[in-house]
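Report on one structure; see the data block that follows.
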């Protein structure tokens with residue numbers, strides 16, 4: 001009878017142990033979220049945070065920004081990423097883009113009026129042509145019809161040259177090219193920072209994991225996505241997910257390397273170091289990355305194979321990889337996402353070139369005369385300065401516009 005009581009006690013003990021098995025980091029985060037939503041006492045929340053911090057130290061997780069969101073305060077200091085640099089660049093590019101647009105508009109405005117006054121056509125037609133050009137220029141500037149806008153920029157550049165306004169032509173040419181560049185850069189940066197591929201890459205590089213929805217959006221190829229979802233689970237302590245690796249059939253050396261590294265990682269956490277070493281060696285055959293080398297180093301060290309460990313250590317140091325603050329657990333390799341596509345503003349360049357060609361053709365067909373400009377036209381604000389090739393006011397407008405747009409940008413960002 002005594003033996004049965006001992007057996008029963010053992011079963012109860014084993015059952016209690018399995019029930020009390022440490023939760024994964026993923027489960028602890030879900031638990032914290034549930035407790036916060038239920039309004040759990042502060043001491044319970046603090047206990048959850050401590051559990052998460054202790055668990056995080058056991059896995060290749062660097063930061064958990066979700067904690068700051070859940071707690072509505074800075075629990076973890078999150079370092080800046082490429083996103084901060086892109087936002088800073090946009091902060092400077094946007095005011096420059098607007099200032100260039102304002103300056104180009106002024107130069108085109110006066111160039112078209114001045115040019116139309118020298119055309120060998122009927123005065124009535126000249127008046128309607130001038131009004132039409134100004135109306136079209138204004139509409140294109142306000143509506144952001146890029147192709148049409150740069151078409152007029154190209155035309156205006158050559159027309160200024162025909163008017164012997166060489167400095168105005170040079171300014172228009174350089175300002176137009178810079179404008180095409182800034183508009184293209186602005187568009188690419190916006191597309192880049194919004195692309196799931198970029199956000200996924202930033203997230204895994206900074207934090208060591210990414211939310212599943214972002215992985216699914218960033219990795220379209222099924223095997224890439226499936227493997228990364230498993231790797232991501234392993235990073236968050238979901239070791240059971242390793243059983244799904246056998247269902248992935250891949251031939252790509254890159255994916256095979258990640259798969260073998262995942263298996264080595266799993267066996268290492270189970271303290272089966274010899275099996276872990278076997279898979280890390282296989283991973284190295286496909287990916288000779290710092291992560292795999294480091295994993296071999298700590299596995300050899302765990303097996304007390306110090307000669308092999310030192311050899312790997314020397315190899316790491318030769319690649320300038322610091323292992324003085326190395327993780328006690330192996331590193332995971334996250335699947336790389338494709339770089340977001342960069343668009344080149346071909347349409348803007350083509351439109352600008354077509355504007356040059358049209359201006360050349362139009363000038364050849366119509367021609368210019370040397371008659372004096374209408375006195376009423378000279379009364380237009382700024383026209384006298386343009387007629388006399390004095391562009392100080394235009395440069396001041398550019399500087400003032402740049403300053404004002406920068407100030408407005410700061411005000412918007414601060415609110």
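Numbering (UniProt numbering), first residue to last: 1 to 415. In this text, a Cβ means the ideal position worked out from N, Cα and C, and glycines have one as well. As the structure is a computational prediction, the values presented were derived from the model and not from experiment.
query	result
Residue 269 beta carbon less than 8 Å from that of residue 239	yes
Residue range of the alpha helix (DSSP H) that includes residue 189	166–194
Three-pair Cβ contact test at 8 Å for the segment 88–105 versus the segment 175–194	yes
Residue-chain proximity (residue 345, chain B), Cβ-Cβ < 8 Å	Among the protein chains of the structure shown there is no chain B, as only one such chain exists.
Under the three-state DSSP convention, the category residue 119 falls into	strand
Span separating the alpha-carbon of residue 266 from that of residue 334	15 Å
DSSP-derived helix/strand/coil call for residue 339	coil
Beta-carbon proximity list for residue 327, same chain, < 7 Å, skipping 5 on both sides	60
Check whether residue 355 and residue 150 have beta carbons under 8 Å apart	yes
Whether residue 83 touches residue 65 by CB criterion (8 Å)	no
Host alpha helix (DSSP H) of residue 56 (start-end)	42–56
Outcome for residue 299 when other beta-carbon atoms lying within 10 angstroms are tallied against a minimum of 16	buried
Burial state of residue 318 (16 or more Cβ within 10 Å)	exposed
Between the CA atoms of residue 67 and residue 111 - distance to the nearest angstrom	59 Å
Reference residue 276, options 101, 259 and 288, closest by Cα	259
Range of the contiguous alpha helix (DSSP H) that encloses residue 26	25–37
Close Cβ partners of residue 393 (< 7 Å) along its chain, the five nearest in sequence each way excluded	382 and 385
Burial state of residue 169 (16 or more Cβ within 10 Å)	buried
Assigned secondary structure, residue 427 (DSSP; H/G/I helix, E/B strand, else coil)	Residue 427 lies beyond the stretch modelled for the chain, which goes from 1 to 415, so this question has no answer here.
Proximity to residue 292 [Cα-Cα], best of 309, 304 and 27	309
Under the three-state DSSP convention, the category residue 281 falls into	helix
Limits of the unbroken alpha helix (DSSP H) element including residue 382	Per DSSP, residue 382 belongs to no alpha helix (DSSP H) and is neither H nor E.
Between the CA atoms of residue 397 and residue 102 - distance to the nearest angstrom	8 Å
Delimiting residues of the alpha helix (DSSP H) encompassing residue 311	306–318
Member of 36, 336, 30 and 99 whose CA lies at the smallest distance from the CA of residue 406	99
Residue interval of the alpha helix (DSSP H) (run including residue 262)	253–269
Inter-stretch contact (C-beta, 8 Å, three-pair minimum) for the segment 335–349 and the segment 198–209	yes
Three-state secondary structure assigned by DSSP to residue 200	helix
Residue interval of the alpha helix (DSSP H) (run including residue 81)	Element bounds for residue 81: n/a, residue is neither H nor E.
Integer Cβ distance of residue 153 from residue 391, believed to fall under 8 Å	Not a contact, Cβ separation roughly 17 Å.
Environment of residue 366 [buried if 16+ CB atoms lie within 10 Å]	exposed
Beta carbon of residue 137 nearer than 8 Å to that of residue 105	yes
Top-ranked residue by Cα proximity to residue 159, from 256, 193 and 117	117
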